[in-house]
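*Asks:* Residue numbers (full-length UniProt numbering): 1 to 284. Shown below is the structure under consideration.
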């Protein structure tokens, strides 16, 4: 009885040392593998320049695949050290194996979708995209998940299998649209001349981010208290908001300088008394 309860300390110590050495080896392989992937991509870039975002995407995907492989091999080896035969478990799991198979479907779908996203170049690290109802800049793309950082700083982790549609805001020129409201009393020819001068100045000053325009399209709407004039430009990816802000700032400064009124909501009341009309104007 005492022999049965005796603890085999040499065996436990030997197994512990093997596990620690295995974990150290796995950590070293992860570091060396990451460095090798970085060096491989740098060598490819020297042979022929590659798209910077494509390089970042390939780097994250290769490191992700290598990481999961090391994790799997390490786990199987540790189980074998404890006498657990993983092959027997997988072969004779029965109902448990079937349940694991159904659960693994999502994992397989995520990995396959991630592979086709890379193959079809749907997006890359650094692109601003909309997927699964969220928008943000792609910070990291792995075989199973894609990580997005939105403008508020929140990190969204989206499984690749949930990506049904991709809207990429970083491919091709994007539209910058500014609608300007002026009072009905203003001379439209004069207003559009001032706006055209602003557009020409912006086109010169922001030539590095503007692909086409900006140009004054003309009157597009009659509001309750204003005439709406539209300005249109095409910009490089993710620069449309900056161009719109700069146009609005310069338009406000020019209108103040030229005395052109930007109307505010107001109500005109006609008071009929003794056959005479008295008009009263009040702002909101």
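Cβ coordinates follow ideal geometry from the N, Cα and C atoms, glycine included. Quick caveat, the model's predicted, so the values are computed rather than measured.
Starting from the Cα of residue 219, find the closest Cα among 208, 212, 211, 232 and give me that residue.
*Replies:* Ranking the options by Cα distance to residue 219, first place goes to 232.
*Asks:* Report all residues from its chain with a CB closer than 6 Å to the CB of residue 2; omit the five preceding and five following residues, and keep chain order.
*Replies:* With a pLDDT of 48 at residue 2, under the threshold of 50, the modelled position of that residue is not reliable, and the figure given next carries that caveat. So the list is empty, once near-sequence residues are dropped.
*Asks:* When you compare the stretch 202–213 with the stretch 222–229, are there three or more beta-carbon pairs, one atom per stretch, that lie closer than 8 Å?
*Replies:* Counting Cβ pairs under 8 Å, fewer than three are found: no touch.
*Asks:* Report buried or exposed for residue 10, applying the criterion of at least 16 other Cβ atoms within 10 angstroms of its Cβ.
*Replies:* With fewer than 16 Cβ atoms within 10 Å of its Cβ, residue 10 is classed as exposed.
*Asks:* Go through its chain and collect everything with a Cβ distance to residue 18's Cβ below 7 Å, but skip five positions before and after it.
*Replies:* For residue 18, where only same-chain residues beyond five positions count, the Cβ hits under 7 Å are 81.
*Asks:* Nearer than 8 Å: is that true of the beta carbon of residue 13 relative to any heavy atom of the ligand MN?
*Replies:* The model on display carries no ligand, and the ligand MN is accordingly not part of it.
*Asks:* I need the DSSP call for residue 181, collapsed to helix, strand or coil.
*Replies:* Residue 181 falls in the strand class under three-state DSSP.
*Asks:* What span of residues does the alpha helix (DSSP H) with residue 287 cover, start to end?
*Replies:* This structure gives no information on residue 287, because the portion of the chain shown stretches from 1 to 284.
*Asks:* Hey, is the stretch 236–253 in contact with the stretch 189–209, meaning 3+ C-beta pairs nearer than 8 Å?
*Replies:* Touching, per the Cβ criterion.
*Asks:* By alpha-carbon positions, which one of 122, 171, 174 ends up nearest to residue 164?
*Replies:* Answer by Cα proximity: 122.
*Asks:* According to the neighbour-count rule (16 or more other Cβ atoms, all chains shown, within 10 Å of its Cβ), is residue 144 buried or exposed?
*Replies:* It is buried - the Cβ of residue 144 has at least 16 other Cβ atoms within 10 Å.
*Asks:* In the DSSP output, which residue or residues are listed as bridge partners for residue 135?
*Replies:* According to DSSP, which records beta bridges pairwise, residue 135 is partnered with 130.
*Asks:* Leaving out the 5 sequence neighbours to the left and right, which residues in its chain are closer than 6 Å to residue 240 when beta-carbon positions are compared?
*Replies:* The answer, listed in chain order, is 174, 176.
*Asks:* Which same chain residues end up closer than 7 Å to residue 161 when comparing Cβ atoms and leaving out the 5 residues on each side of it in sequence?
*Replies:* Once the five neighbours on either side are set aside, the close Cβ partners of residue 161 are 106, 109, 110, 113.
*Asks:* What is the DSSP secondary structure of residue 175, reduced to helix, strand or coil?
*Replies:* The answer is strand: DSSP assigns residue 175 an E or B state.
*Asks:* Taking the C-alpha atoms as reference points, what is the distance between residue 14 and residue 77?
*Replies:* Between residue 14 and residue 77, the C-alpha separation is close to 15 Å.
*Asks:* Hey, could you find the ends of the alpha helix (DSSP H) residue 365 is sitting in?
*Replies:* This structure does not reach residue 365, given that the chain is present from 1 up to 284, and the question cannot be answered.
*Asks:* Tell me which residues share the same chain as residue 48 and place their Cβ nearer than 6 Å to its Cβ, disregarding the 5 neighbours each side in the sequence.
*Replies:* With a pLDDT of 48 at residue 48, under the threshold of 50, the modelled position of this residue cannot be trusted; read the value that follows with caution. So the list is empty, once near-sequence residues are dropped.
*Asks:* Do residue 169 and residue 234 have their C-beta atoms closer together than 9 Å?
*Replies:* Taking 9 Å as the Cβ cut-off, residue 169 and residue 234 do not qualify as a contacting pair.
*Asks:* Going by the beta-carbon positions, is the gap between residue 148 and residue 136 smaller than 9 Å?
*Replies:* For residue 148 and residue 136, yes; Cβs fall inside 9 Å.
*Asks:* Can you tell me the Cα-Cα spacing of residue 198 and residue 35, whole angstroms?
*Replies:* In a straight line, the C-alpha of residue 198 is about 51 Å away from that of residue 35.
*Asks:* Can you give me the Cβ contacts of residue 179 inside the same chain, cut-off strictly under 6 Å, excluding the 5 residues immediately before and after it?
*Replies:* So the qualifying residues of the chain are 228, 230.
*Asks:* Which first and last residues belong to the beta strand (DSSP E) in which residue 221 is found?
*Replies:* From DSSP, the beta strand (DSSP E) with residue 221 extends over 210–222.
*Asks:* Just to confirm before moving on: does the CB-CB distance between residue 125 and residue 60 stay below 9 Å?
*Replies:* A contact, by the Cβ cut-off of 9 Å.
*Asks:* Roughly how many angstroms lie between the CA atoms of residue 65 and residue 25, to the nearest whole one?
*Replies:* Roughly 18 Å between the two C-alpha positions.
*Asks:* Quick check on the burial criterion: 16 or more other C-beta atoms within 10 angstroms. Buried or exposed for residue 131?
*Replies:* Residue 131 comes out buried.
*Asks:* Going by DSSP in three states, residue 36 sits in which element: helix, strand or coil?
*Replies:* Reduced to three states, the DSSP call for residue 36 is helix.
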